[in-house]
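Trainee: First residue of the sequence shown? That's 1 in UniProt numbering, and the numbers climb one at a time after it.
We put the CB at the ideal spot given by N, CA and C, even for glycine.
Please find one structure pasted underneath; my questions will follow.
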Amino acid sequence: MSLERYRQKRNFDQTPEPDPGSGRGADRSRKPDRFVIHKHGASTLHFDLRLEHDGVLKCWAIPRGPSIDPATRRLAVQTEDHPVSYLDFEGVIPEGNYGAGPMMIWDAGTWTGRDSFDQGLREGSCSIELQGHRLKGRWKLIRTGGLDSDQWLMIRKKDTSDLNHVTGSPREPTITQRTSLVSGKTLKQLTADPTTSAPPSSAASQPPAQRPSDQIPSGPTLDQLPDIQPMLPTPVERPPEGDNWLHELKLDGYRMQIRLAADGVQLLTRNGIDWTDRLNVIADDLAGLRIISGILDGELVALDSQGRADFGALQAAFRNNQTGALVLFVFDLLYLNGTRLTEEPLLKRKQQLEPIVRSADLPRVQYLDHTFHSGAAFLQQCAARDLEGVVSKRSDKPYRGGRTRYWVKTKCHYEDRFVIGGFARSADAVGGLGAIAVGYRSPDGGLVECGKVGGGWTEATGQALIERLEKQIRSDCPFDRCPEGDLTWVVPNVVVSLSFGGTTRDGRLRHAKLLTVHNALPVESTTRQTVRSEFAPRHASPEPTMTGRPSLSKQMRASGPQSDPTSGGASLAEALAGLEMKITSPDRVLFPDATITKAETIGYLVQVSRWILPHLRDRPVSLVRCPQGIGGESFFQRHPRPGTPAPIRRLPLPEETRSYLHIEDLAGLIAAAQMNVIEFHPWGSRRDRIDRPDRLVFDLDPDSTVVWPQVIDAAWIVRETLDRRGLRSFVKTTGGHGLHVVVPIERRYDWDRAAAWCRSVARQIAADSDDRFTTQSSKKLRQGKIYLDHLRNRRGATAIAPYSLRARRGAPVAVPLAWDELSQTESSADWTMRTLPDRLRTLAEDPWEELATVRQRLK
């Protein structure tokens, strides 16, 4: 290929790129061929591989850069030949020119493979070996499509002797190495000062051995930095007071750990997932910090026009791959220039951090300041500015991974009045009320919809509210926009007071709960005069009201006997007496290794009944029975048999000749345990629309050689894949070896459609990360990988119920988690029958509280 195309695309009176003149490069047939890899900040950031061959440079544009992982294939698009003098080019191509933007020499050296290169170009398969400063090893370039196609793949060849290659997930040099090989500048720095481009015949085009100036500076590499788990705040109702407490803004974003070393920059999520390549611009900024090495703690946010953190905008930035406008607030320094600082008091760490960040003057990296003034006053100021809340920290304490009382967080909660415009019934919800759709009266008299509320009422309140609303039914939606879901519309005249944690970008309430149902207030009173509940006194209303239920944590800690045994607070004796039930063989040992008896098993079910029953009601369920305990024979039962106790209900299904079992209440749980049932496995659909699932499950089942942190990482990959499709997901341990990722959906798809969608998502994940996942059930094909099982999403398929025991040693339990708890687990069997009740008693909120109200369409 001649250099004519190269000339035609460029105006050499305007671009600093080399003019090839009239000829090709000099004959270097007896010298090693050279290569250069440019990092090019054009309209789309990419890398350019350029191989010296036959007097020109053969070029490929590689959007994500070469990978050192043999399991990763990178797209490489062949472009026009460049002159050999381009080996030394580094600079900024001005706007208005082809390829405008900064271009750095990212790597350079020599390459081998020329003997078969011409034939490989013709046939579409070239083998090359690079001896660069940053990349060393063998790659293949494989053309895809026909002989005229410009589309190639660049794939690393396995070579265990090469230091570039490490087992597991390698740290990609294209991510960790962010500066020029020649000038040491980032793309941003090069743009700001383009005058210092590489001179002709620079060291960049010499073999590595001839360039001792490229030695890595003193200091640890990224791999040598210590692993430090993030310190997490404990939720509290009010900020603490005292001279030793400092207070910071609570930011609504993503927690990040920033790692800087001699060989690059790395940005890790709270769960240790590397997001450096997703945050290129911020990573380039961080390279400008004037330290040799460090570990910083911070929060990544998107700011709205008022300077407030906007979580919806943050999610949109990642969905749209527009993260360049995000801001990273750093608030702690854990490691600096070879010294670990976690044992130092917080105030001293912050005093060292502040000048490092402020002196760098980076617009996308900011220091998060603090105050020692009253925590309550600071929280009030935050609420007045519609901010998220306050994080309070002991200034005299060291840094400790995990959740701690030395860091606490207080949210700004709001109260206001709204009017109900619709409701949804749900047999498995409290009082049969699944949700209420609410809004408020706008100044022009319209009714502005602001979302659905899924909790805050008692059984009696829910039933009374349904009776009241059923008298107000109308045929059409009363709001300016109609919320999704199967709702019954009502005349908007029932006013309620709600507590909520702010609003989304489109005006919908976040974390809303019912406080009061008013009997006499007009709809005109709902004009959004928001009151901050942390600071507004609670006056008793003179009118008769139906009050909302107390918080979950207060319910769990309530003392004294409970009149309703299903509340979870009743003792075993009280529950049995109230239900007029008796246990036979209560001393039968079901878990020999832990000496757990049938009576203890039933006692556990009584304790967790209010947690497990919402996941069983109205669903066919398969029971795992162990008549002789977990050491003996066990079997599944899904249909009634002679002698099946009456409290275990019979559920006839359309097009089925035999009824199924289902559990509706505590009596059913105890009756099942009386039959030595250990495990409960419900369907993903409910009885009223059995052919329409409302929950889909991705089962992560690891091979025995896969370690637990890899399972956690895999679950986050599944979550991120679902996030990119705009779908929320929930996670639980299974009590076995793996994790379940659960996706609640609208009941609009039949089982075949749902199964096909799950299969497509699972295959996409496995294809994108084929070194981690497989969708093949064969044990042989699963070696060293995680089986991503999507087959639980078919009619009749089941999954272990949340809070169900497992028939395994130690009596482990399947436990729903908040995503931010996942990194703190050590296995899928972290909680057992004897330890889970303590967790439930101390939970500030149900991690799956919103699962029952989230309804989503498949995307």
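What number of angstroms, rounded off, separates the C-alpha of V741 from the C-alpha of T526?
Mentor: Here residue 741 refers to the residue found at position 741 of the sequence shown. Here residue 526 refers to the residue found at position 526 of the sequence shown. In a straight line, the C-alpha of V741 is about 39 Å away from that of T526.
Trainee: Looking at the secondary structure, which residues open and close the beta strand (DSSP E) in which Y335 lies?
Mentor: Counted from its first residue, the sequence shown places residue 335 at position 335. Counting along the chain, the unbroken beta strand (DSSP E) around Y335 starts and ends at 327-336.
Trainee: Would you give the residue range spanned by the beta strand (DSSP E) that V408 belongs to?
Mentor: Counted from its first residue, the sequence shown places residue 408 at position 408. Residues 402-411.
Trainee: Going straight from the alpha carbon of D593 to that of V677, what length do you get?
Mentor: As a first step, residue 593 must be located in the sequence shown, where it is residue number 593. As a first step, residue 677 must be located in the sequence shown, where it is residue number 677. Approximately 18 Å, taken between the alpha carbons.
Trainee: Which residues in the same chain as G288 place their Cβ atom closer than 8 Å to its Cβ, once the five residues preceding and following it in sequence are excluded?
Mentor: To locate residue 288, count along the sequence shown from 1; it is residue 288. Closer than 8 Å at the Cβ level, and outside the excluded window around G288, lie T186, K188, Q189, A360, L362.
Trainee: From the DSSP secondary-structure annotation, give me the bridge partner or partners of S127.
Mentor: Against the sequence shown, residue 127 aligns to sequence position 127. Under DSSP, S127 takes part in a beta bridge, and its partners are K140.
Trainee: When the Cα atoms are used, what is the spatial distance from G55 to I155?
Mentor: Within the sequence shown, residue 55 is the residue found at index 55, counting from 1. Within the sequence shown, residue 155 is the residue found at index 155, counting from 1. C-alpha separation (whole angstroms): 25 Å.
Trainee: Only counting the same chain, and skipping five residues up and downstream in sequence, which positions put a Cβ closer than 7 Å to that of D770?
Mentor: Working through the sequence shown from its first residue, we reach residue 770 at position 770. If we look at D770 and ignore the five residues flanking it on each side, its Cβ neighbours are A71.
Trainee: Have a look at G421 and G502 and give me their C-alpha separation to the nearest angstrom.
Mentor: Within the sequence shown, the letter at position 421 stands for residue 421. Within the sequence shown, the letter at position 502 stands for residue 502. So the two alpha carbons sit approximately 20 Å from each other.
Trainee: Whole-angstrom Cβ separation of V496 and Q472, contact assumed at under 8 Å?
Mentor: As a position in the sequence shown, residue 496 is number 496, starting the count at 1. As a position in the sequence shown, residue 472 is number 472, starting the count at 1. Not really, about 13 Å apart at Cβ, beyond 8 Å.
Trainee: Considering Cα atoms alone, identify which of S149, A671, R638, E524 is closest to V77.
Mentor: As a working note, residue 77 is residue 77 in the sequence shown. Here the closest residue by C-alpha is S149.
Trainee: Mind checking which residues open and close the beta strand (DSSP E) that includes R50?
Mentor: Locating residue 50 in the sequence shown gives position 50, counting from the first residue. Taken as a continuous stretch (DSSP letters only), the beta strand (DSSP E) holding R50 covers 45-53.
Trainee: Using the rule of at least 16 other Cβ atoms within 10 Å of the residue's Cβ for burial, across every protein chain shown, is A192 buried or exposed?
Mentor: Stepping through the sequence shown from its first residue, residue 192 is reached at position 192. A192 is exposed by the Cβ-count criterion.
Trainee: Quick one, which of L661, C450, D480, A435 has its alpha-carbon nearest T461's?
Mentor: Counting from 1 along the sequence shown, the entry for residue 461 is found at position 461. Closest option to T461, Cα to Cα, is A435.
Trainee: Measuring straight from C-alpha to C-alpha, what distance separates P483 and Q607?
Mentor: As a position in the sequence shown, residue 483 is number 483, starting the count at 1. As a position in the sequence shown, residue 607 is number 607, starting the count at 1. C-alpha separation (whole angstroms): 36 Å.
Trainee: Using 10 angstroms around the beta-carbon of residue 907, count the other beta-carbons present and answer buried if the total reaches 16, otherwise exposed.
Mentor: Since the first and last residues shown for the chain are 1 and 859, residue 907 lies out of range.
Trainee: Taking the DSSP output, what are the residues bridged to S659?
Mentor: Within the sequence shown, numbered from 1, the residue matching residue 659 stands at position 659. According to DSSP, which records beta bridges pairwise, S659 is partnered with nothing at all.
Trainee: Give the C-beta separation of G456 and K513 to the nearest angstrom, bearing in mind that I take them to be a contact with Cβ-Cβ under 8 Å.
Mentor: Counted from its first residue, the sequence shown places residue 456 at position 456. Counted from its first residue, the sequence shown places residue 513 at position 513. About 3 Å separates the two Cβ atoms, so the contact holds.
Trainee: Considering just the uninterrupted stretch of the alpha helix (DSSP H) at T503, what are its terminal residues?
Mentor: Numbered from 1 along the sequence shown, position 503 holds the residue referred to as residue 503. Annotation for T503: no alpha helix (DSSP H) segment contains it, and DSSP assigns it neither H nor E.
Trainee: Restricting to Cα atoms, I'd like to know which of V330, D243, G324 is closest to R259.
Mentor: Here residue 259 corresponds to residue number 259 of the sequence shown, with the count starting at 1. Here the closest residue by C-alpha is V330.
Trainee: Please report the residue range of the beta strand (DSSP E) in which L623 lies.
Mentor: Along the sequence shown, read from residue 1 onward, the residue named residue 623 stands at position 623. L623 -> beta strand (DSSP E) spans 621-625.
Trainee: Looking at L616: is its Cβ nearer than 7 Å to the Cβ of A801?
Mentor: Along the sequence shown, one-based indexing puts residue 616 at 616. Along the sequence shown, one-based indexing puts residue 801 at 801. Yes. Within cutoff.
Trainee: Under three-state DSSP, which class holds S202?
Mentor: For this step, residue 202 is matched to residue 202 along the sequence shown. Legend: pLDDT at S202 = 44, less than 50; position of this residue unreliable, no value from coordinates given.
Trainee: If distances are taken between C-alpha atoms only, which option among L465, D480, V365 comes closest to S442?
Mentor: In the sequence shown, the residue the question calls residue 442 occupies position 442. With distances taken between Cα atoms, S442 lies closest to D480.
Trainee: Beta carbon of R403, beta carbon of T269: below 7 Å?
Mentor: Reading the sequence shown from its first residue, position 403 is the one you call residue 403. Reading the sequence shown from its first residue, position 269 is the one you call residue 269. Against a cut-off of 7 Å, the Cβ pair of T269 and R403 comes out as no contact.
Trainee: Tell me the rounded alpha-carbon separation between G446 and S426.
Mentor: By 1-based counting over the sequence shown, the position of residue 446 is 446. By 1-based counting over the sequence shown, the position of residue 426 is 426. One C-alpha to the other measures close to 29 Å.
Trainee: Identify every residue that forms a DSSP beta bridge with I786.
Mentor: For the purposes of this step, residue 786 is taken as residue 786 along the sequence shown, with counting starting at 1. Per DSSP, P702, F773.
Trainee: Taking three-plus beta-carbon pairs below 8 Å as touching, is the region 757-765 in contact with the region 823-841?
Mentor: no
Trainee: Are I37 and D88 close, meaning C-beta to C-beta below 7 Å?
Mentor: Locating residue 37 in the sequence shown gives position 37, counting from the first residue. Locating residue 88 in the sequence shown gives position 88, counting from the first residue. Cβ distance not < 7 Å, so I37 and D88 don't count as in contact.
Trainee: Just checking, does the region 32-48 make contact with the region 104-120 on the three C-beta pairs under 8 Å criterion?
Mentor: Yes: at least three Cβ pairs fall under 8 Å.
Trainee: Between the alpha carbons of residue 881 and I142, how many angstroms are there, rounded?
Mentor: With the chain covering 1 to 859 only, the question about residue 881 has no answer from this structure.
Trainee: T191 lies in the alpha helix (DSSP H); which residues open and close that run?
Mentor: Looking up residue 191 in the sequence shown gives position 191. Element bounds for T191: 187-192.
Trainee: Which one or two residues does DSSP pair with D107 in a beta bridge?
Mentor: Position 107 of the sequence shown, counting from 1, holds the residue named residue 107. According to DSSP, which records beta bridges pairwise, D107 is partnered with I37.
Trainee: Spatial neighbours of R795 within its chain, please: C-beta separation below 6 Å, excluding the five flanking residues on both sides.
Mentor: Locating residue 795 in the sequence shown gives position 795, where the first residue counts as 1. These residues qualify, in order along the chain: W751.
Trainee: In chain order, which alpha helix (DSSP H) runs of at least 4 residues are fully inside the region 444-524?
Mentor: 459-470
Trainee: Quick check on this structure: which residue in K582, H413, D587, V448 has the alpha carbon closest to the alpha carbon of R510?
Mentor: Here residue 510 refers to the residue found at position 510 of the sequence shown. For R510, the closest C-alpha among the options K582, H413, D587, V448 is that of H413.
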